[in-house]
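Chemist: One structure coming up, written as structure tokens, with questions to follow.
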Amino acid sequence: MSRSKISEELREEVEKRAEYRCEYCQTTLEISTQRFEIEHIKALAKGGTNHPDNLALSCRGCNAHKHSKTKGHDEITGKKVDLYHPRLDNWSEHFAWDQDPLYLIGLTPKGRATISALKMNRTQLISVRNLLQQLHKHPPTL
Ligand SMILES: [Zn+2]
């Protein structure tokens, strides 16, 4: 099943497993005008497969910024580190909402490198978080 198209059944399984949120920025699918993307954590071009363990639900923005990257740069340690892996890592160990919960902060080199690489505090996300906050739907409960 490596390069075959992702079936509707598999897509729904990935959406449900992610509780209909982007597995990186945690934005809810409910406010999106289109379905989120099924992201290959390890890109097909780099030998990744369509196995559920290599798939994550990702909003368009996070997926576009991640592209085929699996490593990023942590500004504090100056090191190149693995990006957050939704299947292997625990989100809350690497990310937290700032005191102003419109912003995500990285708790670890991996968290910081992922926020930077995927631009997880991009202007569009801040606007969405602001609106969701007014609806009492942000920050999300994980
Ligand atoms: Zn996202």
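Taking the numbering used here, the leading residue of the sequence shown gets 52, the next gets one more, and so forth.
Note that beta-carbon positions come from the ideal geometry of N, C-alpha and C, so glycine has one too.
#1: So Thr78 and Cys110 are supposed to be a Cβ contact under 8 Å. How far apart are they, rounded?
#2: Over the uninterrupted alpha helix (DSSP H) stretch that includes Ala96, give me the two end residues.
#3: Residue ranges of each alpha helix (DSSP H) run of no fewer than 4 residues wholly in the segment 137-192, ordered along the chain?
#4: If Pro173 and Gly112 are in contact, beta carbons under 8 Å, what's the gap, nearest whole angstrom?
#5: Tell me, please, whether the segment 161-177 touches the segment 129-148 by the rule of three or more beta-carbon pairs shorter than 8 Å.
#6: Ligand 1 heavy atoms versus the CB of Gly112: any closer than 7 Å?
#7: Apart from the five residues on each side of it in sequence, which residues of its chain come closer than 6 Å, Cβ to Cβ, to Leu183?
#8: Where DSSP assigns a beta bridge to Arg86, which residues make up the other side?
#9: What residues match up with Asp133 in a beta bridge as DSSP calls it?
#10: Pull up the distance between the alpha-carbon of Asp140 and that of Leu186, whole angstroms please.
#11: Tell me, please, which residues DSSP counts as bridged to Thr79.
#12: What is the DSSP secondary structure of His102, counted as helix, strand or coil?
#13: Could you pull out every residue in the same chain whose Cβ sits closer than 7 Å to the Cβ of His116, ignoring the five residues on either side in sequence?
Modeler: Put simply:
#1: In the sequence shown, the residue the question calls residue 78 occupies position 27. In the sequence shown, the residue the question calls residue 110 occupies position 59. Confirmed, Cβ separation roughly 5 Å.
#2: Taking the first residue of the sequence shown as 1, we reach residue 96 at position 45. Neither: Ala96 is in no alpha helix (DSSP H) and is coded neither H nor E.
#3: Along the length of the segment 137-192, whole alpha helix (DSSP H) runs at least 4 residues long occupy 142-145, 160-169, 174-185, reported in chain order.
#4: Your numbering for residue 173 matches position 122 in the sequence shown. Your numbering for residue 112 matches position 61 in the sequence shown. As written in the sequence, residue 173 is Arg, which differs from the Pro given in the question. Indeed, because the Cβ distance is near 6 Å, the residues count as touching under 8 Å.
#5: Under the 8 Å Cβ criterion, the segment 161-177 counts as touching the segment 129-148, having at least three qualifying pairs.
#6: Indexing the sequence shown from 1 puts residue 112 at position 61. Distances taken from the Cβ of Gly112 to the heavy atoms of ligand 1 include one shorter than 7 Å.
#7: Working through the sequence shown from its first residue, we reach residue 183 at position 132. Excluding positions up to five away in sequence, the list reads His189.
#8: As a working mapping, residue 86 is identified with position 35 in the sequence shown. According to DSSP, which records beta bridges pairwise, Arg86 is partnered with nothing at all.
#9: In the sequence shown, the residue the question calls residue 133 occupies position 82. Per DSSP, Lys122.
#10: For the purposes of this step, residue 140 is taken as residue 89 along the sequence shown, with counting starting at 1. For the purposes of this step, residue 186 is taken as residue 135 along the sequence shown, with counting starting at 1. Going by the C-alpha atoms only, they are around 29 Å apart.
#11: Reading the sequence shown from its first residue, position 28 is the one you call residue 79. Partner(s): Arg72.
#12: Position 51 of the sequence shown, counted from the start, is the residue given in the question as residue 102. Three-state DSSP puts His102 in coil, outside helix and strand.
#13: Locating residue 116 in the sequence shown gives position 65, where the first residue counts as 1. The answer, listed in chain order, is Ala168, Leu169, Lys170.
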